[in-house]
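If you count by our numbering, then the sequence shown holds residues 22 to 395, one letter each, in order. Every residue gets a Cβ at the ideal spot worked out from N, C-alpha and C, and that includes glycine.
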Amino acid sequence: MTTIPTDDDLLSGARAWVEIETTTGDIEGLTRLAALIADDYHARGAGVTTVAGRDGHGPHLVCSFPAARAAGNGGVLILSHIDTVHPRGTLASFPFRVEGDTAWGPGLYDMKAGAYLALRAAADAHAGGSLSLPVTHLFVSDEEVGSPTSRDLIERLAREARYVLVTEPAREGGQIVVARKGVFRYAVNAFGRPAHAGARHQDGRSAIAEICRLALAFEGLTDHATGTTCNVGLIGGGTGVNVVPAHAFAEIDVRVENMAQAARVEAFVAGLRPTDPDVRIEITGGLNRPPYERTDGIDALFALAKEVAAGIGFELRGLKTGGGSDGNFTAPIRPTLDGLGADGAGGHTLDEKIRISSLSERYALMKGLLERLT
Ligand SMILES: [Zn+2]
């Protein structure tokens, strides 16, 4: 018999994870947190495999429980990340803190609280003998930079699963995520010809002028009616005000709702040419995360989650978001529900906070799903 954990119990577990700083690439911190999670899962009877980090990233962790009842092929993949966007040292100026029903801390909302409550839900369902399918809980260490070293592992485990549950934070009053936009990232470089801006202006070829034309062309992709957006988020170049600039660059973020829009973006980029034939342009990048489109499988999974939530006593709503997550990698492979983490706000800021009373609700939702998915 397992007792249902209280909000305070869940919060103190999440606090221990928050107090180990784990910005992406902080191998020491990520290794320390992965070891803490491995020990916790191991003590709760899970099989634990640590996948060594590479290319400047920390380790990933795969924890699994068998099903209590006989099950066919495939189980449930719970997908979490242990990295945060907050650099080492953030905790000193933005410490874990509680006021009423709110708790703050770097990485608490995105997504240590969600990952921790899922650990407890999986372990308690296992201890209670109520897991209907085998459960694998994957913790990756590089989600915040697009999962360069974990994507293959995520996709492989998704193919071995029947369902994927992602513990990213809940949105805007506890909504879960049933669709996400796909994300393109591009780096554009222009190479012109330097010249004295006074004496030899006619010999110069301005890389900045070219980048500006390209930036405006990219911005023209935006169509709020269909959901395609383009943001030229970074731009720079030149060496001095009296020099025709030889080099300039822009970094660009494009988001799409479906693969048809993705194809339109790819065709646009493939057709880009410099306006000035003496300027060379170089475009690198592409679709970093495919769109997470709503499917019948996702609708069925969402319907079950609503039923479980209603049994607990809250109404679960779903939404589409423009933000990408590792759920974008799994949704094209298996039915995926995302945003199953804690309710709160302020992700990626120094006002990152959760609603403490959402912890036991979300724990019960995760546990109910793990007991009822077949
Ligand atoms: Zn996240």
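_Tell me whether residue 131, by its Cβ, gets closer than 7 Å to a heavy atom of ligand 1._
For the purposes of this step, residue 131 is taken as the residue at position 110 of the sequence shown. Correct: residue 131 has its Cβ closer than 7 Å to ligand 1.
*Run the CB neighbour count on residue 94, radius 10 Å, all protein chains shown included, and call it buried at 16 or more, exposed below.*
Residue 94 sits at position 73 when you count from the first residue of the sequence shown. Exposed, by the Cβ-count rule.
*With a Cβ-Cβ cutoff of 8 Å, do residue 135 and residue 101 count as a contact?*
In the sequence shown, counting from the first residue as 1, residue 135 sits at position 114. In the sequence shown, counting from the first residue as 1, residue 101 sits at position 80. Yes. Within cutoff.
*According to DSSP, what are the bridge partners of residue 120?*
Taking the sequence shown and counting its residues from 1, the one referred to as residue 120 is at position 99. DSSP output for residue 120 lists 123 as bridge partner(s).
*Cα-Cα, which of 154, 236 and 171 is closest to residue 162?*
Numbered from 1 along the sequence shown, position 141 holds the residue referred to as residue 162. Of the listed residues, the one whose Cα sits closest to residue 162 is 171.
*How is residue 22 classed by DSSP in three states: helix, strand or coil?*
Residue numbering aside, residue 22 sits at position 1 when the sequence shown is read from its first letter. For residue 22, the predicted model reports a pLDDT of 49, less than 50, meaning its position is unreliable; a value from the coordinates is still stated below. In this structure, residue 22 counts as coil in the three-state DSSP scheme.
*Residue ranges of each alpha helix (DSSP H) run of no fewer than 4 residues wholly in the stretch 268-335, ordered along the chain?*
280-291 and 317-333
*Between the stretch 373-389 and the stretch 23-35, do at least 3 Cβ pairs fall closer than 8 Å?*
yes
*Should residue 126 be labelled buried (16 or more other beta-carbon atoms within 10 Å of its own) or exposed?*
Looking up residue 126 in the sequence shown gives position 105. Classified as buried, residue 126 has 16 or more neighbouring CB atoms from the shown chains inside 10 Å of its CB.
*Pairing CB atoms from the stretch 227-240 with CB atoms from the stretch 300-307, are three or more of them under 8 Å?*
yes
_If you reduce the DSSP assignment to three classes, tell me which class residue 106 lands in._
As a position in the sequence shown, residue 106 is number 85, starting the count at 1. Look at residue 106 here: in three-state DSSP terms it is coil, with no helix or strand label.
*Who are the Cβ neighbours of residue 210 in its own chain at under 6 Å, not counting the five residues just before and after it?*
By 1-based counting over the sequence shown, the position of residue 210 is 189. Closer than 6 Å at the Cβ level, and outside the excluded window around residue 210, lie 270 and 303.
*In terms of residues, what are the limits of the beta strand (DSSP E) holding residue 82?*
Taking the sequence shown and counting its residues from 1, the one referred to as residue 82 is at position 61. Segment 81-86, the beta strand (DSSP E) holding residue 82.
*Since residue 341 is in the beta strand (DSSP E), which residue starts that stretch and which ends it?*
Numbered from 1 along the sequence shown, position 320 holds the residue referred to as residue 341. Segment 339-342, the beta strand (DSSP E) holding residue 341.
*Kindly indicate the opening and closing residues of the alpha helix (DSSP H) around residue 134.*
To locate residue 134, count along the sequence shown from 1; it is residue 113. Per DSSP, residue 134 belongs to the alpha helix (DSSP H) from 134-148.
*Taking DSSP as the reference, what is the three-state secondary structure of residue 212?*
One-based indexing of the sequence shown puts residue 212 at position 191. Looking at residue 212 - three-state DSSP - the assignment turns out to be strand.
*Looking only at its own chain, which residues have a Cβ that is under 6 Å from the Cβ of residue 341, when we skip the five neighbours before and after it?*
For the purposes of this step, residue 341 is taken as residue 320 along the sequence shown, with counting starting at 1. Excluding positions up to five away in sequence, the list reads 200.
*asked:* Let me confirm a value: residue 85 is counted as buried when at least 16 other C-beta atoms fall within 10 Å, else exposed. Which label applies?
replied: For the purposes of this step, residue 85 is taken as the residue at position 64 of the sequence shown. Result: buried.
_Taking 7 Å as the cut-off, is the beta-carbon of residue 42 closer than that to any non-hydrogen atom of ligand 1?_
Along the sequence shown, one-based indexing puts residue 42 at 21. Outside the cutoff, so no.
*Leaving out five residues before and five after residue 144 in sequence, what residues of the same chain have Cβ atoms less than 6 Å from its Cβ?*
Here residue 144 refers to the residue found at position 123 of the sequence shown. The answer, listed in chain order, is 65.
*Three-way DSSP call (helix, strand, coil) for residue 388 in this model*: The residue given as residue 388 occupies position 367 in the sequence shown. Helix at residue 388.
*residue 355 in three-state terms, based on DSSP*: Working through the sequence shown from its first residue, we reach residue 355 at position 334. Coil at residue 355, not helix or strand.
_residue 110 burial status per 10 Å Cβ neighbour count (16 or more: buried)_ = Mapped onto the sequence shown, residue 110 falls at position 89. Classification for residue 110: exposed.
_Pairwise C-alpha distance: residue 387 and residue 360_ = In the sequence shown, the residue the question calls residue 360 occupies position 339. In the sequence shown, the residue the question calls residue 387 occupies position 366. Those two C-alpha atoms are separated by around 11 Å.
*Cross-strand partners of residue 153 (DSSP beta bridge)*: Against the sequence shown, residue 153 aligns to sequence position 132. DSSP links residue 153 through a beta bridge to no other residue.
_Taking 7 Å as the cut-off, is the beta-carbon of residue 346 closer than that to any non-hydrogen atom of ligand 1?_
The residue labelled residue 346 in the question sits at position 325 within the sequence shown. Taken from the Cβ of residue 346, at least one heavy atom of ligand 1 lies inside 7 Å.
*For residue 263, count neighbouring C-beta atoms within 10 Å of its own C-beta (all shown protein chains included) and say buried if the count is 16 or more, exposed if not.*
For the purposes of this step, residue 263 is identified with residue 242 of the sequence shown, where counting begins at 1. Looking at its Cβ environment, which holds fewer than 16 other Cβ atoms inside 10 Å, residue 263 is exposed.
*Cβ neighbour criterion (16 or more within 10 Å) applied to residue 246*: One-based indexing of the sequence shown puts residue 246 at position 225. When all chains shown are included, residue 246 counts as exposed.
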